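**Q** For the sequence shown, the working numbering gives the first residue as 273, with consecutive numbering after it. Cβ atoms here follow ideal geometry from the backbone N, Cα and C, with glycine treated the same way. Treat the numbers as computed from the prediction; the structure is a model and nothing was measured.
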Amino acid sequence: MDLDLRKVRYFVAVAEHLNFGRAAEALHIAQPVLSRQIRALETELKVQLFDRSSKGTTLTPAGLQLLEDARPLLTQASALLRRVGVADTFTVGFMPGLIVTPAVRLLASRHPGLQVDVLRTTWEDQVEVIHDGRVDVSYVRLPVPLDGIRHVPLFDEPRVAVVPATHRLADKESVLEADLTGERRVQHTDPPGFRSVEEKLEHVAMHGGVAILPLSTATFYSREDLVHVPIEDIAPNEVALAWAEHRHTPLIAEFIEIAQQV
273 MDLDLRKVRY FVAVAEHLNF GRAAEALHIA QPVLSRQIRA LETELKVQLF DRSSKGTTLT
333 PAGLQLLEDA RPLLTQASAL LRRVGVADTF TVGFMPGLIV TPAVRLLASR HPGLQVDVLR
393 TTWEDQVEVI HDGRVDVSYV RLPVPLDGIR HVPLFDEPRV AVVPATHRLA DKESVLEADL
453 TGERRVQHTD PPGFRSVEEK LEHVAMHGGV AILPLSTATF YSREDLVHVP IEDIAPNEVA
513 LAWAEHRHTP LIAEFIEIAQ QV
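(1) In the segment 396-469, which residue ranges form an unbroken beta strand (DSSP E) of at least 3 residues, counting only runs that do not cross its ends?
(2) Identify which residue in Phe492, Tyr411, Arg281, Asn509 has its Cα closest to the Cα of Arg343.
(3) How is Asp274 classed by DSSP in three states: helix, strand or coil?
(4) Select from Arg377, Pro333, Glu504, Val390 the residue whose C-alpha is nearest the C-alpha of Lys444.
(5) Please report how far the alpha carbon of Glu396 lies from the alpha carbon of Ser410, in whole angstroms.
(6) Could you check how far apart the C-beta atoms of Thr363 and Ser468 are, in whole angstroms? I think they sit under 8 angstroms.
(7) Looking at the structure shown, is Glu474 part of a helix, part of a strand, or coil, going by DSSP?
(8) Note down the Cα distance separating Ala525 from Asp323, rounded to an integer number of angstroms.
(9) Label Ile371 either buried or exposed according to how many other C-beta atoms from any shown protein chain fall within 10 Å of its C-beta, with 16 as the threshold for buried.
(10) Taking the alpha-carbon of His518 as reference, which of Asp408, Ile484, Val376 has the nearest alpha-carbon?
(11) Can you grab the Cα-Cα spacing for the pair Pro368 / Ala514, in whole Å?
(12) Only counting the same chain, and skipping five residues up and downstream in sequence, which positions put a Cβ closer than 8 angstroms to that of Thr236?
(13) Whole angstroms are fine: how far does the CA of Val435 sit from the CA of Leu473?
(14) Alpha carbon to alpha carbon, how far is Val388 from Arg422? Give it in angstroms, no decimals.
(15) Going by other Cβ atoms of all chains shown within 10 Å of its Cβ, with 16 needed for buried, is Leu452 buried or exposed?
(16) Output the distance between the C-alpha atoms of Thr329 and Glu314, rounded to the nearest integer angstrom.
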């Protein structure tokens, strides 16, 4: 049996909204069409995916299992199509704190039939998502491994020291890098390795030390028990737009131009 990925995508939309009307609106199709497609999928799979009642729509055990399997399936299918250049979607990766909405909206407005998506990345996977095809382009924080990658610089961003609110430097308007001498710097490369900025900041809050982050990242992850202090004499963080070296589609070229302008 051949599985219709369009029906699977429709199923995921209903499963996420648990409302056929809202799912149809999100998919830009009529609700009766969506209902017919879901019934057809249930017939093909010979299972009931949703319980429909006056109290609402819920997933059956079979529906829950399909949802778990469908998301990675659709992601892999989109990545495959993107790698061969026939995708009807365009995905932009971005690091936390970076604002990509203006560029994404402008691209979408120019191409009404194109589905433009975003994917939040981390320090560890900001280049990996380019290589494996999960994104077409990605806003990255340099330095990153550039083997097989092309990039254009976009802007520099100041870096700040994130310290506990009770830290000796917490009340300073700014500091010099020399002021951090003797302080333990908490880095994402520390063994066994922090998997996220949240883990790094939790470590700073619990055990002290200093985390040096780009300003927008520190602002994005603001919390009451931590403060960030500008560092006057440290090199800024450079933000660039990156894409796979072997791919330079017209859409990628257009988005590069947009990202440099907005």
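**A** Put simply:
(1) For secondary structure counted as the beta strand (DSSP E) over 3 or more consecutive residues, the segment 396-469 holds these complete runs in sequence order: 409-413, 421-429, 431-436.
(2) Locating residue 343 in the sequence shown gives position 71, counting from the first residue. Checked all of Phe492, Tyr411, Arg281, Asn509; the closest Cα to Arg343 is Arg281.
(3) If you number the sequence shown from 1, residue 274 lands on position 2. In the structure shown, Asp274 sits in coil (DSSP, three-state: anything other than H, G, I, E or B).
(4) For the purposes of this step, residue 444 is identified with residue 172 of the sequence shown, where counting begins at 1. It is Glu504.
(5) As a position in the sequence shown, residue 396 is number 124, starting the count at 1. As a position in the sequence shown, residue 410 is number 138, starting the count at 1. Spanning the two alpha carbons is a distance of roughly 13 angstroms.
(6) For the purposes of this step, residue 363 is taken as residue 91 along the sequence shown, with counting starting at 1. For the purposes of this step, residue 468 is taken as residue 196 along the sequence shown, with counting starting at 1. Approximately 21 angstroms separates the beta-carbon atoms of Thr363 and Ser468; this is outside 8 angstroms, ruling out the contact.
(7) As a first step, residue 474 is located in the sequence shown; it is residue number 202 there, counting from the start. It is helical.
(8) Within the sequence shown, residue 525 is the residue found at index 253, counting from 1. Within the sequence shown, residue 323 is the residue found at index 51, counting from 1. Taking the straight line joining both Cα atoms gives about 46 angstroms.
(9) Counting from one through the sequence shown, the residue named residue 371 turns up at place 99. Residue environment for Ile371: exposed (fewer than 16 other C-beta atoms within 10 angstroms of its C-beta).
(10) Position 246 of the sequence shown, counted from the first residue, corresponds to residue 518. That would be Asp408, whose Cα lies nearest to the Cα of His518.
(11) What you label residue 368 is simply residue 96 of the sequence shown in a count that begins at 1. What you label residue 514 is simply residue 242 of the sequence shown in a count that begins at 1. Approximately 16 angstroms between the Cα atoms of the pair.
(12) As shown, the chain starts at 273 and ends at 534. That puts residue 236 outside it, with no answer to give.
(13) The count along the sequence shown starts at 1 and reaches residue 473 at position 201. The count along the sequence shown starts at 1 and reaches residue 435 at position 163. Whole-angstrom Cα-Cα distance: 9 angstroms.
(14) The residue given as residue 422 occupies position 150 in the sequence shown. The residue given as residue 388 occupies position 116 in the sequence shown. If you draw a straight line from the Cα of Arg422 to the Cα of Val388, it comes to about 21 angstroms.
(15) Numbered from its first residue, the sequence shown carries residue 452 at position 180. Label assigned to Leu452: buried.
(16) Start at 1 with the first residue of the sequence shown, and residue 329 comes out as number 57. Start at 1 with the first residue of the sequence shown, and residue 314 comes out as number 42. If I take the Cα positions, the gap works out to 15 angstroms.
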